[in-house]
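Asks: Take a look at this one; I'll ask things after.
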Amino acid sequence: MVDAAIDIEAIRKQFPILHQEVNGKPLVYFDNAATSQKPQCVIDALTHYYNTDNANIHRGIHTLAERATTAFEDTRITVAKFLNANEVEEIIFTKGTTEGINLVAATFGRKFINEGDEIIVSALEHHSNIVPWQILCEEKGAVLKVIPVNEKGELIFDEYVKLLSDKTKLVSVNYISNALGTINPVKEIITEAHKVGAKVLIDAAQAAPHVKMDVKALDCDFLAFSAHKVYGPTGVGALYGKRALLEAMPPYQGGGEMIKDVSFSGTTYNDIPYKFEAGTPNIGEVIAFKSAIDFVEDLGQENIARYEVELMAYANDLLKDVDGFTPVGTADKKASVISFLIDGVHPFDLGQLLDAKGIAVRTGHHCAQPLMEFFDIEGTVRASFSVYNTKEEIKYFVDSLKAVIKMFK
Amino acid sequence: MATINSIQEDIIEDFGMLDGDMEMTIGYVMELGAKLPELPVEYQTDENIVKGCQSKVWLHAKMEDDKVVYQADSNTAITKGLVSLLVRILTNQTPDDILNADLFFHEKIGMNRFIGTQRSNGFKAMIKQMQIYALAMKAKIN
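Those protein sequences? They're chains A and B, same order as listed. Per this note's numbering, the first sequence starts with residue 147, numbered consecutively. Per this note's numbering, the second sequence starts with residue 38, numbered consecutively.
Structure (structure tokens):
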């Protein structure tokens with residue numbers, strides 16, 4: 147890996163959306179954990195597809211269909227490399243992380259989860275990694291167990307190990323918490339789960355833009371992530387699954403593409419990954435997803451991570467001096483997210499007043515109500531950084547925060 | 038006696054002086070909220086919480102001389118300012134006037150632009166709740 151420093155000016159030039167004023171102030175976009183902005187190459191890939199290659203994929207023999215199919219399948223190859231998957235067929239395109247998790251719940255769950263079985267999630271999960279399992283458990287008479295967190299917002303590993311037993315069929319945890327930024331010890335979680343024969347799904351929605359994901363090294367059974375959080379288009383994501391598991395699972399939705407032969411006397415299903423891809427997919431967005439991954443690979447994930455660590459350290463240092471600042475989630479290992487409260491100021495008011503200064507942050511429960519319940523709070527203000535953010539923006543954010551707080555004194 | 042429409046016109050004039058500046062407008066809304074008389078704790082009950090607001094808003098209504106008197110509070114400063122505007126407009130009006138009111142001030146001051154969709158929905162919920170109180174008062178009079 148070339149130890150190239152991040153050329154922040156060159157990067158920012160690639161993101162047209164950043165160069166605008168919001169409420170009369172230069173936009174400072176710190177809502178990256180919700181969705182990232184898109185570089186020009188992703189926008190160009192989308193428009194190129196619709197301008198020149200638009201056709202339905204896989205079944206056409208004409209030139210446009212061929213071009214669209216090749217570009218679509220190129221993304222699958224790129225995603226497989228991005229995740230270091232063994233085989234390209236282990237990559238299924240989805241609408242995003244949420245659909246990836248729901249797909250596993252609906253198919254793996256339908257076939258392999260039975261009454262009395264146990265599924266383990268953690269107290270750090272996003273609702274999309276809680277509710278599909280609640281629905282499944284209700285249908286199957288299975289039991290959902292929860293790994294508790296400590297005051298710093300870290301999973302309590304010993305408690306996790308205690309939850310594991312021969313009843314555990316699946317462990318589904320996030321790699322990085324969206325609400326707090328905690329980086330979970332997923333490798334160790336997977337190793338322990340496999341000791342009791344349980345499968346593991348990693349929700350990598352927040353990890354994709356910040357850490358190098360390696361499904362082979364992790365040995366996870368499933369991993370889901372979304373394109374839109376890693377500079378790609380919305381409405382597209384990928385689910386990785388080990389071949390043997392995917393082949394053993396029943397289809398997800400019925401329709402075109404997922405079949406081999408259809409007859410009223412019986413239908414046979416297509417091979418993986420197509421078995422799980424019924425209907426015309428988000429073709430243009432999948433194609434542009436490749437450009438997003440290329441953007442990340444060109445910069446180098448290590449370089450991105452190193453730069454983001456620098457931004458976090460700078461922000462934490464400045465925030466220490468902010469009157470009434472209380473961080474929520476102080477895990478030893480964290481990525482690009484600062485969740486916090488200011489004494490005497492409601493997060494909604496803070497978010498609105500920062501918006502008036504051109505700063506986009508997120509306020510509320512961050513789709514992690516059980517976690518907020520644990521901390522006994524309604525929500526937080528969350529600033530989350532990306533590779534195109536700068537120290538100048540962080541300084542402006544902290545100064546703005548101080549000005550807003552003064553309004554409440 | 039100021040009418041619902043004349044109070045709305047006053048509010049539009051006040052906000053007009055802020056020239057659409059977002060920060061000043063929100064600051065002004067917060068100031069208005071800070072001036073709202075305190076809602077006694079006994080009225081800050083779950084029953085009095087307006088459903089459909091993201092922040093907590095308590096609304097209480099009583100009758101004085103056949104007119105409705107509203108009291109309100111919120112756990113967020115901006116929302117408290119917003120509800121204070123409604124209290125200012127609808128307090129001391131008859132139930133009939135409240136039920137027939139044409140509320141236009143929020144559109145004229147461009148409120149949606151500075152409070153966003155979620156708070157706008159909450160704002161509509163506050164108006165609805167105030168009208169429900171007026172309806173209950175009307176039933177009581179009759």
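Quick reminder that beta carbons are idealized off the backbone N, C-alpha and C, glycines included.
Measure from the alpha carbon of Arg213 of chain A to the alpha carbon of each residue in A:Val225, A:Asn200, A:Thr221 and A:Cys366, then state which is nearest.
Replies: Position 67 of the first sequence, counting from 1, holds the residue named residue 213 of chain A. The residue with the shortest Cα to Cα distance from Arg213 of chain A is A:Asn200.
Asks: Using a threshold of 9 angstroms, state whether the C-beta atoms of Leu270 of chain A and Ala353 of chain A are closer than that.
Replies: Start at 1 with the first residue of the first sequence, and residue 270 of chain A comes out as number 124. Start at 1 with the first residue of the first sequence, and residue 353 of chain A comes out as number 207. Going by C-beta atoms, Leu270 of chain A is not nearer than 9 angstroms to Ala353 of chain A.
Asks: Would a check of beta-carbon distances place Lys555 of chain A closer than 9 angstroms to chain C?
Replies: Note that chain C does not occur in the displayed structure, where the protein chains are A and B.
Asks: Going straight from the alpha carbon of His519 of chain A to that of Val94 of chain B, what length do you get?
Replies: In the first sequence, residue 519 of chain A corresponds to position 373, counting from 1. In the second sequence, residue 94 of chain B corresponds to position 57, counting from 1. The question names His, but residue 519 of chain A is Glu in the sequence shown. When rounded, the distance between both Cα atoms is 21 angstroms.
Asks: How close, in whole Å, do the beta carbons of Val442 of chain A and Ile429 of chain A come, if the pair is a contact with beta carbons under 8 angstroms?
Replies: The count along the first sequence starts at 1 and reaches residue 442 of chain A at position 296. The count along the first sequence starts at 1 and reaches residue 429 of chain A at position 283. At roughly 21 angstroms, the Cβ-Cβ gap does not stay under 8 angstroms, so Val442 of chain A and Ile429 of chain A are not in contact.
Asks: Considering Gly70 of chain B, what are the terminal residues of the alpha helix (DSSP H) in which it resides?
Replies: Taking the second sequence and counting its residues from 1, the one referred to as residue 70 of chain B is at position 33. Run containing Gly70 of chain B: Met59 to Lys72, per the alpha helix (DSSP H) assignment.
Asks: To test your reading of the DSSP string, which unbroken beta strand (DSSP E) runs of 3 or more residues are found completely within the segment 263-345 of chain A?
Replies: Entirely contained in the segment 263-345 of chain A, the beta strand (DSSP E) runs reaching 3 residues are, in chain order, 264-268, 289-293 and 314-320.
Asks: To which residues of the same chain is Gly278 of chain A closer than 7 angstroms at the C-beta, ignoring the five residues directly before and after it?
Replies: Walking along the first sequence from the start, residue 278 of chain A turns up at place 132. According to the sequence provided, residue 278 of chain A is Pro. The question's Gly does not apply to it. The answer, listed in chain order, is Ile247, Asn248 and Ala251.
Asks: Given Glu454 of chain A, which residues of its chain have a CB within under 8 angstroms of its CB, disregarding the five upstream and five downstream residues?
Replies: One-based indexing of the first sequence puts residue 454 of chain A at position 308. The answer, listed in chain order, is His356, Ala481, Ser482, Phe531, Ser532 and Val533.
Asks: State the Cα-Cα distance for the pair Met167 of chain B and Ile135 of chain B, rounded to the nearest angstrom.
Replies: As a first step, residue 167 of chain B is located in the second sequence; it is residue number 130 there, counting from the start. As a first step, residue 135 of chain B is located in the second sequence; it is residue number 98 there, counting from the start. Distance between the alpha carbons of Met167 of chain B and Ile135 of chain B: 8 angstroms.
Asks: So Phe503 of chain A contacts chain B; which residues on that side make the cut at Cβ distance below 9 angstroms?
Replies: The residue given as residue 503 of chain A occupies position 357 in the first sequence. Note that residue 503 of chain A is Lys in the sequence shown, not Phe. Chain B residues near Lys503 of chain A: Met59 and Glu60.
Asks: Does the distance from the C-beta atom of Leu122 of chain B to that of His143 of chain B stay below 9 angstroms?
Replies: Residue mapping note: residue 122 of chain B aligns to position 85 of the second sequence, counting from 1. Residue mapping note: residue 143 of chain B aligns to position 106 of the second sequence, counting from 1. A contact, by the Cβ cut-off of 9 angstroms.
Asks: Compute the Euclidean distance between the alpha carbons of Tyr548 of chain A and Val468 of chain A, then round it to the nearest angstrom.
Replies: Residue mapping note: residue 548 of chain A aligns to position 402 of the first sequence, counting from 1. Residue mapping note: residue 468 of chain A aligns to position 322 of the first sequence, counting from 1. Before going further, note that residue 548 of chain A is Lys rather than Tyr in the sequence given. Whole-angstrom Cα-Cα distance: 6 angstroms.
Asks: Ignoring anything shorter than 3 residues, give me the beta strand (DSSP E) runs that lie fully in the segment 448-504 of chain A, in order along the chain.
Replies: 471-473 and 483-488
Asks: Please name the residue, chosen from A:Ala394, A:Ala506 and A:Glu264, that lies closest to Leu164 of chain A on a Cα-to-Cα basis.
Replies: By one-based count along the first sequence, residue 164 of chain A stands at place 18. That would be A:Ala506, whose Cα lies nearest to the Cα of Leu164 of chain A.
Asks: Compute the Euclidean distance between the alpha carbons of Gln399 of chain A and Glu245 of chain A, then round it to the nearest angstrom.
Replies: By 1-based counting over the first sequence, the position of residue 399 of chain A is 253. By 1-based counting over the first sequence, the position of residue 245 of chain A is 99. Their backbone Cα atoms lie some 12 angstroms apart in a straight line.
Asks: Going by beta carbon distance, what residues of the same chain come within less than 7 angstroms of Phe151 of chain B, once the five residues before and after it are set aside?
Replies: Numbered from 1 along the second sequence, position 114 holds the residue referred to as residue 151 of chain B. Result list for Phe151 of chain B: Met59, Thr62 and Ile63, in chain order.
Asks: Among A:Glu219, A:Asn296, A:Ala288 and A:Asn275, whose alpha-carbon lies nearest the alpha-carbon of Glu233 of chain A?
Replies: On the first sequence, position 87 is the one that residue 233 of chain A refers to. Of A:Glu219, A:Asn296, A:Ala288 and A:Asn275, the residue nearest in Cα terms is A:Glu219.
Asks: Looking at Asp489 of chain A: is its Cβ nearer than 9 angstroms to the Cβ of Thr472 of chain A?
Replies: Start at 1 with the first residue of the first sequence, and residue 489 of chain A comes out as number 343. Start at 1 with the first residue of the first sequence, and residue 472 of chain A comes out as number 326. Yes, Cβ-Cβ distance for Asp489 of chain A and Thr472 of chain A is below 9 angstroms.
Asks: Residues of the segment 484-518 of chain A with a CB closer than 9 angstroms to any CB of chain B: list them in chain order, please.
Replies: Val491, His492, Pro493, Phe494, Asp495, Gln498, Leu499, Asp501, Ala502, Lys503 and Gly510
Asks: Which stretch, first to last residue, makes up the alpha helix (DSSP H) that contains Ile540 of chain A?
Replies: Numbered from its first residue, the first sequence carries residue 540 of chain A at position 394. Element bounds for Ile540 of chain A: Lys537 to Met553.
Asks: How is the beta strand (DSSP E) around Gln168 of chain B delimited, first residue to last?
Replies: Sequence index remark: in the second sequence, residue 168 of chain B carries index 131 (1-based). Here Gln168 of chain B belongs to no beta strand (DSSP E); instead the alpha helix (DSSP H) covers Met148 to Ile178.
Asks: Can you give me, in chain order, the residues of the segment 187-213 of chain A that have a beta carbon less than 8 angstroms from any beta carbon in chain B?
Replies: none
Asks: Name the chain A residues whose beta carbon is nearer than 8 angstroms to that of Met67 of chain B?
Replies: Taking the second sequence and counting its residues from 1, the one referred to as residue 67 of chain B is at position 30. The contacting residues are Asp495 and Met553.
Asks: For Gly475 of chain A, count the other beta carbons within 10 Å of its own beta carbon; 16 or more makes it buried, fewer makes it exposed. Which is it?
Replies: Residue numbering aside, residue 475 of chain A sits at position 329 when the first sequence is read from its first letter. Burial call: buried.
Asks: Please decide whether Gly470 of chain A counts as near chain B, where near means a Cβ-Cβ distance under 9 angstroms.
Replies: Translated into the one-based positions of the first sequence, residue 470 of chain A becomes position 324. With 9 angstroms as the cut-off, Gly470 of chain A does not count as an interface residue toward chain B.
Asks: Excluding five sequence neighbours on each side, which residues of the same chain lie with their C-beta closer than 6 angstroms to the C-beta of Tyr195 of chain A?
Replies: For this step, residue 195 of chain A is matched to residue 49 along the first sequence. Within the same chain, Tyr195 of chain A has close Cβ partners Gly430 and Ile433.
Asks: Kindly identify the DSSP beta-bridge partner or partners of Tyr415 of chain A.
Replies: Here residue 415 of chain A corresponds to residue number 269 of the first sequence, with the count starting at 1. When beta bridges are read from the DSSP output, Tyr415 of chain A appears opposite A:Ile405.
Asks: State the DSSP-derived secondary structure class of Ile439 of chain A, mapped to helix, strand or coil.
Replies: Position 293 of the first sequence, counted from the start, is the residue given in the question as residue 439 of chain A. The answer is helix: DSSP assigns Ile439 of chain A an H, G or I state.
Asks: Which residues mark the beginning and the end of the alpha helix (DSSP H) in which Ala211 of chain A is found?
Replies: The sequence position of residue 211 of chain A within the first sequence is 65, counting from 1. Per DSSP, Ala211 of chain A belongs to the alpha helix (DSSP H) from Thr209 to Leu229.
Asks: Is it buried or exposed, Arg452 of chain A, if we count other Cβ atoms within 10 angstroms and call 16 or more buried?
Replies: In the first sequence, the residue the question calls residue 452 of chain A occupies position 306. So Arg452 of chain A ends up on the exposed side.
Asks: Restricting to Cα atoms, I'd like to know which of A:Gly343, A:Gly327 and A:Tyr321 is closest to Lys333 of chain A.
Replies: Counting from one through the first sequence, the residue named residue 333 of chain A turns up at place 187. Ranked by Cα distance from Lys333 of chain A, the options A:Gly343, A:Gly327 and A:Tyr321 are led by A:Tyr321.
Asks: Determine the closest residue to Lys362 of chain A out of A:Lys341, A:Val174, A:Asp190 and A:Lys388, with distance taken between C-alpha atoms.
Replies: As a first step, residue 362 of chain A is located in the first sequence; it is residue number 216 there, counting from the start. Minimum Cα distance to Lys362 of chain A is reached at A:Lys388.
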